[in-house]
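In what follows, a single structure is set out as structure tokens and then discussed.
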Amino acid sequence: MPVFQGPRRAREHGAQKRGARERRAARERGAARTPGAARLPLAARALLGALPGLAAVAALFLCANGVQEAADAQAAAPAASTDRYAAPRPDIVPRSVWLGGAARAQPAPRYDDRVVAVFVHHTDTPNGYDCDDVPAILRGVYQGQTGARDWDDIGYNFVVDRCGTVYEGRAGGIDRPVTGAHTQGFNHRTTGIAALGTYTAGVPVPDELTDAIAAVAAWKLGESGTDPHGKAVLVSSNGLSRFAAGATATLPAVAGHDDGYATSCPGAALTARLADIRDTAARLQGRA
Numbered sequence: 001m002p003v004f005q006g007p008r009r010a011r012e013h014g015a016q017k018r019g020a021r022e023r024r025a026a027r028e029r030g031a032a033r034t035p036g037a038a039r040l041p042l043a044a045r046a047l048l049g050a051l052p053g054l055a056a057v058a059a060l061f062l063c064a065n066g067v068q069e070a071a072d073a074q075a076a077a078p079a080a081s082t083d084r085y086a087a088p089r090p091d092i093v094p095r096s097v098w099l100g101g102a103a104r105a106q107p108a109p110r111y112d113d114r115v116v117a118v119f120v121h122h123t124d125t126p127n128g129y130d131c132d133d134v135p136a137i138l139r140g141v142y143q144g145q146t147g148a149r150d151w152d153d154i155g156y157n158f159v160v161d162r163c164g165t166v167y168e169g170r171a172g173g174i175d176r177p178v179t180g181a182h183t184q185g186f187n188h189r190t191t192g193i194a195a196l197g198t199y200t201a202g203v204p205v206p207d208e209l210t211d212a213i214a215a216v217a218a219w220k221l222g223e224s225g226t227d228p229h230g231k232a233v234l235v236s237s238n239g240l241s242r243f244a245a246g247a248t249a250t251l252p253a254v255a256g257h258d259d260g261y262a263t264s265c266p267g268a269a270l271t272a273r274l275a276d277i278r279d280t281a282a283r284l285q286g287r288a
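Residue numbers (this note's numbering): 1 to 288.
This is how it looks when you write it as structure tokens:
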């Protein structure tokens, strides 16, 4: 049964209710003005509105910090999966060391978005070299390609000698996906690694050389999460390759030059070691 209230008491009760509503609205406005509050869930904003000033700020900090940590963890998840098979970068001799003042003027380097395959080559030069003489030999390769062939730069992204030393080839940055000039039709999204020498049938292939090729392959492919034992889907840019221009080709992620172009490169002896190179590269990525 409703209780009768006199006019004065009713006015006092109404004033109390209005005062409570105004105080609650003021607390909610204060919480809304606090940086970061708008990003919080509705229940959290309601809780902040019920707290006095300093307590609201402290609660906001703790809650917002938790929200930020959760967002950071979610954003970091794709990177963690990409880095899962990352391999360390091997020691690489910069081109400035072997090329020096012999460099010709050339256009700016071109880049792809990532590397999903490597092509293995040989330079078709003599094998009986002293590894201390490699810088001079590389200058000769460079001069042959930029001089007689009139290329804008050496075509290979990396060159490896029989002692296992890796040299930077084409300009543009060791850590970047530089577009090379090593495999007709398939220079995009690939890296060219050349073995210094000629590795035709019956020629011994040093383990130091294949291990170094594998180290470069593991590192470059690891940046895109590519399995050295896997396949890469590439689009031919040139009808002089084994595939018509614009055709899609599925090739080994660690391929020989002759997989993409009709050639005897990288030589029968080095081709026979591609399986070993894939195995070593996979181990370096932690896939074994």
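Idealized CB from N, CA, C, for every residue including glycine.
CA nearest to the CA of A87, picked from V118, Y142, T198, A215: For the purposes of this step, residue 87 is taken as residue 87 along the sequence shown, with counting starting at 1. Per the C-alpha coordinates, the member of V118, Y142, T198, A215 positioned closest to A87 is A215.
Residue span of the alpha helix (DSSP H) that contains G256, given as start and end: Start at 1 with the first residue of the sequence shown, and residue 256 comes out as number 256. Here G256 belongs to no alpha helix (DSSP H); instead the beta strand (DSSP E) covers 254-256.
Does the ligand NAP have even one heavy atom less than 7 angstroms from the beta-carbon of I137? Of the ligands one can find in the structure shown there are none, so the ligand NAP has no counterpart to examine.
Would you report the Cα separation of I213 and T271, rounded to the nearest angstrom? Here the question's residue 213 lines up with position 213 in the sequence shown. Here the question's residue 271 lines up with position 271 in the sequence shown. Between the alpha carbons of I213 and T271 lies a gap of roughly 12 angstroms.
Within 8 angstroms, do at least three Cβ pairs link the stretch 168-177 to the stretch 107-114? A contact exists between the stretch 107-114 and the stretch 168-177.
I'd like the list of long-range same chain contacts for K231, defined as Cβ closer than 8 angstroms, with 5 residues on each side in sequence excluded. Numbered from its first residue, the sequence shown carries residue 231 at position 231. Apart from sequence neighbours up to five positions away, the residues of its chain that approach K231 with a beta-carbon distance below 8 angstroms are T250, L251, P252, A253, ordered along the chain.
Supposed contact pair R189 and A117 - C-beta distance, whole angstroms, cut 8 angstroms: For this step, residue 117 is matched to residue 117 along the sequence shown. For this step, residue 189 is matched to residue 189 along the sequence shown. The C-beta distance from A117 to R189 rounds to 7 angstroms, short enough to meet the 8 angstroms contact threshold.
Which stretch, first to last residue, makes up the beta strand (DSSP E) that contains V205? Mapped onto the sequence shown, residue 205 falls at position 205. V205 -> no beta strand (DSSP E), and no H or E assigned at all.
Should D276 and T191 be called a contact, given that it needs their Cβ atoms to be closer than 8 angstroms? What you label residue 276 is simply residue 276 of the sequence shown in a count that begins at 1. What you label residue 191 is simply residue 191 of the sequence shown in a count that begins at 1. No, Cβ-Cβ distance for D276 and T191 is not below 8 angstroms.
Length of the line joining the Cα atoms of Q106 and D152: Your numbering for residue 106 matches position 106 in the sequence shown. Your numbering for residue 152 matches position 152 in the sequence shown. Rounded to whole angstroms, Q106 and D152 show a C-alpha spacing of 6 angstroms.
Please classify R84: is it buried, with 16 or more other beta-carbons within 10 angstroms of its beta-carbon, or exposed? The sequence position of residue 84 within the sequence shown is 84, counting from 1. Under this definition R84 is an exposed residue.
For A232, the three-state DSSP class (helix, strand or coil): Here residue 232 corresponds to residue number 232 of the sequence shown, with the count starting at 1. Reduced to three states, the DSSP call for A232 is strand.
I need the straight-line Cα distance from A217 to A244, nearest angstrom please. Walking along the sequence shown from the start, residue 217 turns up at place 217. Walking along the sequence shown from the start, residue 244 turns up at place 244. Annotation: A217 to A244 spans about 27 angstroms, alpha carbon to alpha carbon.
Using only the alpha-carbon positions, how far apart do G180 and N238 sit? Residue 180 sits at position 180 when you count from the first residue of the sequence shown. Residue 238 sits at position 238 when you count from the first residue of the sequence shown. C-alpha separation (whole angstroms): 14 angstroms.
Alpha carbons only, please: which of G164, I154, H121, R176 is nearest the one belonging to D258? Walking along the sequence shown from the start, residue 258 turns up at place 258. Answer by Cα proximity: H121.
Reduced DSSP secondary structure (H/G/I, E/B, other) of T190: On the sequence shown, residue 190 is found 190 positions in, with the first residue counted as 1. T190 falls in the strand class under three-state DSSP.
For T250, name the three-state secondary structure that DSSP assigns. Working through the sequence shown from its first residue, we reach residue 250 at position 250. Three-state result, T250: strand.
Just curious, the alpha helix (DSSP H) that Y142 is in, first and last residue? In the sequence shown, the residue the question calls residue 142 occupies position 142. DSSP places Y142 in the uninterrupted alpha helix (DSSP H) bounded by 134-143.
Would you kindly check if the distance between the Cβ of A247 and the Cβ of S236 is under 8 angstroms? In the sequence shown, residue 236 corresponds to position 236, counting from 1. In the sequence shown, residue 247 corresponds to position 247, counting from 1. Cβ atoms of S236 and A247: closer than 8 angstroms.
In this structure, does DSSP put V166 in helix, strand or coil? Numbered from its first residue, the sequence shown carries residue 166 at position 166. V166: strand per DSSP, three-state reduction.
Tell me which residue opens and which closes the alpha helix (DSSP H) that A117 is part of. Here residue 117 refers to the residue found at position 117 of the sequence shown. Bounds of any alpha helix (DSSP H) do not take in A117; it lies within the beta strand (DSSP E) bounded by 117-122.
Per DSSP, the bridge partner or partners of A195: Position 195 of the sequence shown holds residue 195. Looking at the DSSP output, A195 shares a beta bridge with H122, V160.
For Y142, which residues of its own chain have a beta-carbon under 6 angstroms away from its beta-carbon, when the five flanking residues on both sides are left out? As a first step, residue 142 must be located in the sequence shown, where it is residue number 142. If we look at Y142 and ignore the five residues flanking it on each side, its Cβ neighbours are I154.
Using only CA atoms, which one of L234, D132, H229, V160 lies nearest to N187? The sequence position of residue 187 within the sequence shown is 187, counting from 1. Cα-wise, what sits closest to N187 is L234.
Could you tell me the boundaries of the alpha helix (DSSP H) in which W98 lies? Taking the sequence shown and counting its residues from 1, one reaches residue 98 at position 98. Run containing W98: 95-99, per the alpha helix (DSSP H) assignment.
Cβ neighbour criterion (16 or more within 10 Å) applied to S241: Within the sequence shown, numbered from 1, the residue matching residue 241 stands at position 241. Flag for S241 reads buried.
Assigned secondary structure, I174 (DSSP; H/G/I helix, E/B strand, else coil): Taking the first residue of the sequence shown as 1, we reach residue 174 at position 174. Reduced to three states, the DSSP call for I174 is coil.
How about I137 and L196: do their beta carbons lie closer than 8 angstroms? On the sequence shown, residue 137 is found 137 positions in, with the first residue counted as 1. On the sequence shown, residue 196 is found 196 positions in, with the first residue counted as 1. In terms of Cβ geometry, I137 and L196 form a close pair [threshold 8 angstroms].
Could you tell me which residues DSSP puts in a beta bridge with Y111? Within the sequence shown, the letter at position 111 stands for residue 111. In DSSP, Y111 forms a bridge with V178.
If V115 and P204 are in contact, beta carbons under 8 angstroms, what's the gap, nearest whole angstrom? Translated into the one-based positions of the sequence shown, residue 115 becomes position 115. Translated into the one-based positions of the sequence shown, residue 204 becomes position 204. At roughly 29 angstroms, the Cβ-Cβ gap does not stay under 8 angstroms, so V115 and P204 are not in contact.
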